[in-house]
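A.B. asks: One structure is given below, represented as structure tokens, and several questions about it will come after.
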Amino acid sequence: MKHRGKGIGCMWYPIGFTVAANPSAATVKVNEDGTATLVTGTVEGGQGSLTVLGQIAAEELGISTNDVHVVSADTDTTPMDTGAIASRTTYVTGNAVQLAAAKAKEILFEIAAPILDVKPDQLVAAGRKIQVKNFPQRSLAIADVALQAQFVHGRPPIGTASYNPPTVDMDPETGQGQPFSTYVYATQVAEVEVDDETGEIDVIYMSAAHDCGTAINPMLVEGQIQGGIAMGIGFAMQEEMLFDGNGLQINPNLSNYIMPTSLDMPDLDIDIVENFDPTGPFGAKGVGEPTAVPTAAAILNAVHDAVGVRITSLPATAEKILRAIKQDRIAGQKELSTAG
Amino acid sequence: MKPFDFFQPQSTDAAIAELVAYGPNVKILAGGTDAVVDLKHTPDSLGLVVDISRLDDLKGISLTDAGLRIGAGVTHTDIVTNLLIAEHAPALVDAARTIGAVQTRNLGTLGGNLVTCMPAMDSGPTLIALEAEVTIVGCSGKRTIPLGEFFIGYRKTVLAKDELLLEIVIPKLNLGKPASFIKFGLRKGQALALVNAASALWVENGRFKDARISLGAVAPVVIRAPKAEAVLEGQAISKERIDEAAKAAVTEANPIDDFRASRKYRSNLIEVGVRRTLTAAIDVASN
Amino acid sequence: MDDKARVGERKTAPKSLPATDEALRLPAVTKKAMFPLETITAKPREQTPSVGQRATRHDGRLHGLGQTKYIDDMSFPGMIHAKIKRAGVAHARIKSIDVSEAERMPGVMATLVGKEIPVNRFGPTYQDQPLLADDIVRHAGDGVAAVAAVTEQQALDALEKIRVEYQPLAPIFDPLEAMHEDAPKVHMGHSNIYSSKTVNKGDVEKGFADSDYTFEGTFSTQMVEQASLEPHAAIAEWDPNERVTLHSSLGRITLGRADLARVLVMPINRIRIVATVVGGNFGGKNEITHEPILALLAKKTGRPVKGVYSREDEFISSTTRHPFIMKYKTGMSKEGKIMARTVRLICDGGAYCSWSDTTLSKACILSAGPYNIDNLRVEACAVYTNKTMTGAMRGFGAPQVCFAYESHMDDMAKELGIDPLEIRLINAFREGSLSPTGQVLESVVIKDSLLMATERFGWKEWKK
Amino acid sequence: MVDITITVNGEKRITSVPPETTLLKLLREKLNLTGAKLGCDAGDCGACTVLVDGVAVNACLMLAGQANQREVLTIEGLADSQKFHPLQKAFEELGSLQCGFCGPGIILSAKYLIDAHPNPSVEDIRKALSGNLCRCTGYTKIIEGVAAACRKIAGATDKAA
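Sequence lines, in order, name chains Z, L, D and H.
Number 461 marks the last residue of the first sequence (the numbering used here); no jumps.
Number 468 marks the last residue of the second sequence (the numbering used here); no jumps.
Number 728 marks the last residue of the third sequence (the numbering used here); no jumps.
Number 144 marks the last residue of the fourth sequence (the numbering used here); no jumps.
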């Protein structure tokens, strides 16, 4: 017989390294035509981090994503970056990018201010224009300002900046300290069906609500969450590196190391929790790793709800679940017989 | 891959001539889904690889006087999409559908699946439950034997070094026989069977007739479960009988204990698999 | 045997190539869509403000056209191929390595053993890992020697001819056994425990005394592989100014460069690392692996040297996710408020530290869950064993502890007869809550996420 | 050596390779078409998927000699300078791929599906892609991409009719 169940997993997760310095630097160059080039030492790993960093630079400069070309991943030319690790790129590198873009923008404002007959701090960049705050009809095209900056004033609008999240060392005895600058929060909920004759779990549906501060690019955030859930499903039910008695791996191949295929994925509903972290670039935090964190808990809690067994060791293979169901029944019968 | 020579014969005779000429240092390649992987792990150079994937005499699915003939070189995709098989032996389609993934089903052949003779092959149980026969061709001519006798050990068949599997025939008597296949794996896609099972049976006056049960991945080769079949023969259809047969089938298997599943769990799957395939076959019979 | 002889034996010798055929003279097949005339830039990329836009990825078009260049898609004139021989024993002293026969194999241009590496130790926290084991093998996937040959197959053939003599050492695989004083030691020193962390907040004893109920649970998790679709790959190339360039699937290039400089004893400005899109990282490509080996082989041979891990190399020699053993004890009020908690974490680090130290810290801090717990004690340690080393993988200990604290939470909810959603809402952090390390938390939206996910799910209406 | 006459992406080539060369190696190393990827070299991951005579296969499981006299379509041949395939468009617009390594194989598996079944259900798409492992995306946006491409193709055909 098949039994359905529901389960919750929720979590918190920090952004960046634990206490240790993990700086990123970035350079933003505004070109003579108002487009920009962002130079970053981080490496695209598929998350879309370069797109997100481009969006952050573009936002600061008031131009579009397409107006920013991102150069990355060459130690000769790109500035220091701690790398795509610890869910830190949007937050840490993103802060560096925003600061760098702000510096370039400052030059543009200084050039534009006398032309617009205002002070630089009265200016904002938006819609590919530099305009007077609250009086948008007085504006100049960024392209024009950039051109003037370079060829008239001899001040190419280039900004370089770095960022390192503020932390406080942890006390070795008590662990008290501020190991991270900020954290994200998330909940995933799973619906499963468990076959009590075979122990097989069918994850039917999952909903997930993740906080990442401002979602710089909701489409990419969704992609991270969906991918993290897939990895979480593998962790929950399938994946395990096995060793024989001599310490040799038994299943070092993709035939026998079982990870989710397209058929193993449930239907998903993804929500992004509205939030704004004042310490992040435009309120953003991060999303990469947390997506894979609560999935196993949600699924195993749903299994518990469905068939009443608590699996305490992962992966929760069908065999393990069936064994638990049978033990549970035996225990139940014993209870009945002693009670009777 | 270590070096080898490659030969694409134009006919089965030409292929067999090469097998004779080359002796033991030759490997036959059909779909390649197992054979090419083997070649990649073969420690020594082979003499010759004979590619039989394009031999016309190994192709084709047809109804003959003997029954439903399926060429050994027919791919799993051919089986999945063939209307004759869908009509006369739909359980074989169900089994073929569970093999590997689209790409491997497009390459892999029924003959290759049988000749490679892995205990967990998915083609075997249904064919054995339907009492299929295989025709083998070699230097000394053709011979036809029951598929059950074709498998003789772990990755070992009766094929002599100079022989090829030519075709598989589901006998006329068993065409349309209600049957069902089930497979248990470690995931839904690209699963390798922990246990698979097939049952075929006639229902006559509410009684089991000629029930055939076959199991895979539970012994060195795909097996039949005669004791379980005997439990059913001539008996009135009932849940109790099915349960009894399923329990009997467990005693006929000798599953291994390995990293993928324990012997105990596999035994449980045998029982469930036999019960479910019998029930499904009865459903087919009553519809 | 040469090709002629192999073909000569055939009765059906292949027809010679038709020299008249134009197709024979054509170069390799070219891509057709190198400069597509059709522009399909999606609107969100062109709109301002850019933050919040569903902008398409800058590399999305290249991906779809098959034109994203990963490391293995690159080749350079004269490039040769390197392969690494893995120990195949879990714990042993290397008595000798004989590469002489391998060096005489066809196509072989150079070999490399650990003793030839200037500084044969690396690691992000402790430099406890050899690039190629030179003295002791600590897990079966340890590399012991490398070969560079004209073709990959020749390199693989040559690996078989490398003779390594081992003196077996007692291995230890179970982290709990490895913690015993008299257990075989994976590294020198008096203990296999190489990292310990604690977090103490409030008064745990008092917290338990004030609790109405106490619950306990023990949980464990397995070793997991990142299993990126792209295997580790790198190409090393020198120029006459003694500068080395590494094209690598590495995800952290600036720190990777510093590691390279340290192990090769070179000035940092003589090393260039160029990465492309990493074909999946998930933590597995965050530290150098074979890059220095390739660099040294390239130096020896004067050729660009490419190394690509086989799928088996990926599993047996690269980092993995830590197995954890987690013991939880929690004191609860009858209303479902957590009064006190103790957590003990044991993390199986495998043969080398890699990112275990930071994994342990994160796991320690996060193990309380996103809940207000005034009285908390967490003790955690990482232990060496003779297995594939564990390192960075998506979550740094968080998936492990989350599985434990959330399972534990539901068990308690069930005993107390409180709905799983309700018990979480009772305990969840709120703005300004104090974290286990005493940090004031800001931008806390755990309750919002709980309500949002459960509402979308239909938690309250849901029926079995 | 085996002589091979092969048509790749519509272009005929004659070449000669050692018999132990796989179709994947022939494409990547001899014909410079690196779109098909080597992910596992054992037919498990599908990153090397190409279409041979219109049929999706693992190029790592086929010897080059077996592809003699056949037509091969690789990801590089799916679009030309005039037109992207709707799958490529949809995948770009919806962010279907992340690291992209599985992409060429996935797109060709999807093409194989929709050539025969222009209006697949989500379950059909899942089944058609089960031989292509992806570690980044959870397959969700890939499935959406395939479905969107099918709608686009259907829409274009409706208009034409």
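All C-beta atoms, glycine included, are put in the ideal place defined by N, C-alpha and C.
Check residue 272/Z in the structure and name its three-state DSSP category.
C.D. replies: helix
A.B. asks: Enumerated in chain order, which unbroken segments of the alpha helix (DSSP H) with a length of 4 residues or greater are wholly contained in the region 617 to 648 of chain D?
C.D. replies: 620 to 630
A.B. asks: Assuming residue 329/Z contacts residue 346/Z under a Cβ cut-off of 8 Å, what Cβ separation, rounded to an integer in Å, is found between them?
C.D. replies: 5 Å
A.B. asks: Among all the DSSP beta bridges, which residues are the ones paired with residue 467/Z?
C.D. replies: Here chain Z has residues from 122 to 461 only, and residue 467/Z is not among them.
A.B. asks: Below 8 Å, how does it come out for the region 177 to 193 of chain Z and the region 148 to 156 of chain Z: are there three or more Cβ pairs, yes or no?
C.D. replies: Using a Cβ-Cβ distance cut-off of 8 Å, the region 177 to 193 of chain Z and the region 148 to 156 of chain Z are in contact, since at least three pairs of beta carbons, one from each stretch, lie closer than that value.
A.B. asks: For a contact meaning CB atoms closer than 8 Å, what does residue 213/L contact in chain H?
C.D. replies: 44, 45, 46 and 49
A.B. asks: What is the DSSP secondary structure of residue 19/H, reduced to helix, strand or coil?
C.D. replies: In the structure shown, residue 19/H falls within a coil segment according to DSSP collapsed to helix, strand and coil.
A.B. asks: Could you tell me if residue 205/L is buried or exposed, where buried requires 16 or more neighbouring beta carbons within 10 angstroms of its beta carbon?
C.D. replies: exposed
A.B. asks: Output yes if chain H places a C-beta closer than 8 Å to the C-beta of residue 331/L; else output no.
C.D. replies: no
A.B. asks: Among 444/L, 223/L and 346/L, which one has its Cα closest to the Cα of residue 398/L?
C.D. replies: 444/L
A.B. asks: Checking the sheet assignment: what are the DSSP bridge partners for residue 140/H?
C.D. replies: Its beta-bridge partners do not exist; DSSP assigns none.
A.B. asks: By how many angstroms is the C-alpha of residue 304/L removed from the C-alpha of residue 374/L?
C.D. replies: 11 Å
A.B. asks: Look at the Cβ atom of residue 39/H, then the Cβ atom of residue 91/H, and state whether they are nearer than 8 Å.
C.D. replies: Closer than 8 Å, so yes.
A.B. asks: Taking beta-carbon pairs under 9 Å, can you tell me which members of the region 521 to 555 of chain D lie near chain H?
C.D. replies: 541, 542, 543, 544, 545 and 546
A.B. asks: Identify which residue in 424/D, 414/D and 612/D has its Cα closest to the Cα of residue 225/L.
C.D. replies: 424/D
A.B. asks: Please tell me whether residue 104/H has its Cβ less than 8 Å away from any Cβ of chain Z.
C.D. replies: no
A.B. asks: Quick one: what's residue -10/H bridged to in DSSP?
C.D. replies: -5/H and 54/H
A.B. asks: Using a Cβ-Cβ distance cut-off of 8 Å, determine whether residue 24/H contacts chain L.
C.D. replies: yes
A.B. asks: If I follow the unbroken beta strand (DSSP E) through residue 285/L, where does it start and stop?
C.D. replies: Run containing residue 285/L: none in the beta strand (DSSP E); it sits in the alpha helix (DSSP H), 283 to 288.
A.B. asks: On the DSSP bridge assignment, give the partners of residue 133/Z in chain order.
C.D. replies: Bridge pairing for residue 133/Z: 306/Z [DSSP].
A.B. asks: Excluding the five sequence neighbours on either side, which residues of its own chain have a C-beta within less than 8 Å of the C-beta of residue 365/Z, listed in chain order?
C.D. replies: 371
A.B. asks: Within its chain, find whatever has a CB closer than 7 Å to the CB of residue 114/H; leave out the 5 residues flanking it on each side and keep chain order.
C.D. replies: Excluding positions up to five away in sequence, the list reads 29 and 92.
A.B. asks: Among 264/Z, 265/Z, 271/Z and 237/Z, whose alpha-carbon lies nearest the alpha-carbon of residue 257/Z?
C.D. replies: 237/Z
A.B. asks: Using 8 Å as the limit for Cβ to Cβ distance, is residue 160/Z near chain D?
C.D. replies: no
A.B. asks: For residue 222/L, does the three-state DSSP call read helix, strand or coil?
C.D. replies: helix
A.B. asks: Residue 370/Z bridges to which residues according to DSSP?
C.D. replies: 364/Z
A.B. asks: Which value, in whole angstroms, describes the spacing of the CA atoms of residue 273/D and residue 327/D?
C.D. replies: Low local confidence applies: a pLDDT of 44 at residue 273/D is under 50, so the model's placement there is unreliable, with the coordinate-based value given in what follows. In a straight line, the C-alpha of residue 273/D is about 46 Å away from that of residue 327/D.
A.B. asks: Quick check: the Cα distance between residue 318/Z and residue 408/D, rounded to an integer number of angstroms?
C.D. replies: 48 Å
A.B. asks: Taking 8 Å as the CB-CB limit, is residue 723/D close to chain Z?
C.D. replies: yes
A.B. asks: Which residue comes first and which comes last in the alpha helix (DSSP H) that contains residue 479/D?
C.D. replies: Per DSSP, residue 479/D belongs to no alpha helix (DSSP H); it is in the beta strand (DSSP E), 477 to 484.
A.B. asks: Are the C-beta atoms of residue 334/D and some chain H residue less than 8 Å apart?
C.D. replies: yes
A.B. asks: Within its chain, find whatever has a CB closer than 6 Å to the CB of residue 406/Z; leave out the 5 residues flanking it on each side and keep chain order.
C.D. replies: 136, 212, 303, 305, 333, 334 and 398
A.B. asks: Could you work out which residues of chain H lie near residue 597/D, taking near to mean beta carbons separated by less than 8 Å?
C.D. replies: For a Cβ distance threshold of 8 Å, nothing in chain H lies close to residue 597/D: the least Cβ distance comes to about 39 Å.
A.B. asks: What are the partner residues of residue 32/H, as DSSP defines its beta bridges?
C.D. replies: 41/H
A.B. asks: Just tell me which of 381/D, 339/D, 638/D and 353/D has its CA closest to the CA of residue 400/D.
C.D. replies: If you compare the alpha carbons of 381/D, 339/D, 638/D and 353/D with that of residue 400/D, the shortest gap goes to 353/D.
A.B. asks: In this structure, does DSSP put residue 185/L in helix, strand or coil?
C.D. replies: Here residue 185/L sits in coil by DSSP.
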